[in-house]
Amino acid sequence: MSKQEPVSVAISTFLAQFISQKNSSKASNADHSQTFTIALSGGADSVALLHAISSQYPKDKLKAIYINHQLQAVSDEWADFCQSWCQELGVDFEVIAVEVDQKAASLENSARKARYQAFSKVIDSGQCLLTGHHQDDQAETLLLQLFRGAGPKGLSAMPYITSFAEGYHARPLLSVSKAEVLEYCKEHQLSFVDDPSNLDTQHRRNFVRHRVIPLLEQEWPQLTTTLSRVSQLQADTQVIVEERAQEDWEACYTEGKGLSVEGLKKLSEVRQNSLIRYWFEKLGLGMPSVKVLEQLLSQMLEAETDAQPMIEFKQGSLRRHQDHLVWLSQHSSSNFKELEDTTWDGKKDLQVADGITITAEWLETHYPELIGENLVVSLRRGGERFRKKNARQSTSLKNYFQEQKFPAWQRDVLLLIKLNDEVRAVYAEHLKDSL
């Protein structure tokens, strides 16, 4: 075998880079303590990946996992094939069965989602999942994203290494073509399974793979190599976009208030869109479409100063309050109407509801005079009075809320701490994620 054999070179390059980076961050000497989990489907790509890395890395630090999607009658036979081959190699093996939503709009996406959910449960801190994606897969992904109208992030296609679950996900073979993978299997006499569903062009990826790319390659023979280079250029562009968005975020966002409307207005429309996308990603939301971005910025930036426009999403709502854009998640707006009044002396933490605890430390920090008193924690009922510390007279709770500029939608889920039927403290820590 030539030392320049592409699959082996790709694996040795990956191991050198990945282990070097991990050891550098730990300021320790290079070793083989890193563990890798290989996604083994039985196809040529994953078979070549496992064989190549097991030839260059300690096998007791490797584990192969076959995800049984239970979509085909032969899936159990493929699991048996993978198990036998791992026994021959001396690599640990596991089968994980998953349930795939067969009524989903895209069976391919549904299977992928189930597969990665399963992997996410077994990748512990510092561990790395390896998949056999290669250069042809990268070209297909870029074209699919292009046809969806994606921007630089989508056109970056699949990253070489990225964070995943509590560890990492790496694709060591992204620089290797499918033809080179098959040649590796032939040279090492490696058997593999052929999934007949990969020929079904009703699936978009298969349509691109078997019909679109071969047609384009008639005119541009180096298509996959070129598209791979394009995806890397787009990835570089996305880094610049994210760096600028982070700078805009730091300039426009204030903890406890939200995203400044004035700050947004000072930015160009392109940077406004980029900043909103950056915010949505931080919130863990899906990327808004161009149409949604136009609606969002139009309603939020052009509204009258005293207006409080709102846009609903599945996970919550976006609102404008005090010249700031505020995200209100479903959790933060949960209805606690059934919460019963609870007595408390403030000396120990008080769990008010699932996931909501008022700590004794918080009370001692903000209202030390209430420690040891006969307190009652409740929700707003209407007509309450608020007495400030050392104040001779109380004021209506409504006036206090207005004075403190609590958003109207939060006022019924603020926790009131009462002493002698007067509100003496208001707890709003559980609502901070709404900003």
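FYI, the numbering for the sequence shown is 0 to 434, going by numbering that gives the first Met the number 0.
We treat Cβ as the ideally placed atom computed from N, Cα and C, and that holds for glycine.
Computed from a prediction, not measured in an experiment: that's the story for all the values here.
Counting only the Cα atoms, Gly-131 lies some 22 Å from Leu-232. Restricting attention to Ser-267, Ser-259, Leu-129 and Trp-278, the CA atom closest to the CA of Glu-241 is found in Trp-278. When the beta-carbon positions are compared, Tyr-183 and Val-6 come within less than 7 Å of each other.
Under DSSP, Met-309 forms a beta bridge with Arg-318.
Taking the CA atoms as reference points, Asp-348 sits about 48 Å from Leu-106.
Between His-323 and Ser-259, the CB-CB gap stays under 7 Å. In the DSSP annotation of this structure, the continuous segment of the beta strand (DSSP E) that includes Thr-341 starts and ends at 341–343. DSSP places Gly-41 outside both helix and strand once states are collapsed to three, so it counts as coil.
In the structure shown, Val-97 adopts coil according to DSSP, grouped into three states. Judged by their CB atoms, Asn-67 and Ala-96 are nearer to each other than the 7 Å cut-off. DSSP links Tyr-426 through a beta bridge to Leu-414.
Nearest neighbour of Leu-414 by Cα position, chosen from Phe-385, Tyr-159, Ser-109 and Glu-218, turns out to be Phe-385.
Pairing Gly-166 with Ile-212 gives a Cβ-Cβ distance that is not under 7 Å. The residues Ala-164, in chain order, have a CB closer than 6 Å to that of Ser-119 in the same chain once the five nearest residues on each side in sequence are set aside. Per DSSP, Ser-377 is one residue of the beta strand (DSSP E) stretching across 374–377. Taking C-alpha positions only, Thr-223 is separated from Leu-181 by approximately 16 Å. Asn-272 carries a helical assignment under DSSP once its states are collapsed to helix, strand and coil. Only buried fits Leu-295, as 16 or more other CB atoms lie within 10 angstroms of its CB. The alpha-carbon separation between Leu-61 and Ala-149 amounts to approximately 36 Å. As computed with DSSP, Phe-35 is found in a beta bridge with Leu-61 and Cys-127. Short of 7 Å from the beta carbon of Pro-151, and not among the five residues preceding or following it, lie these beta carbons of its own chain, in chain order: Gln-233, Thr-236, Gln-237 and Val-240. When only Cα atoms are considered, Tyr-115 and Glu-98 end up about 12 Å apart.
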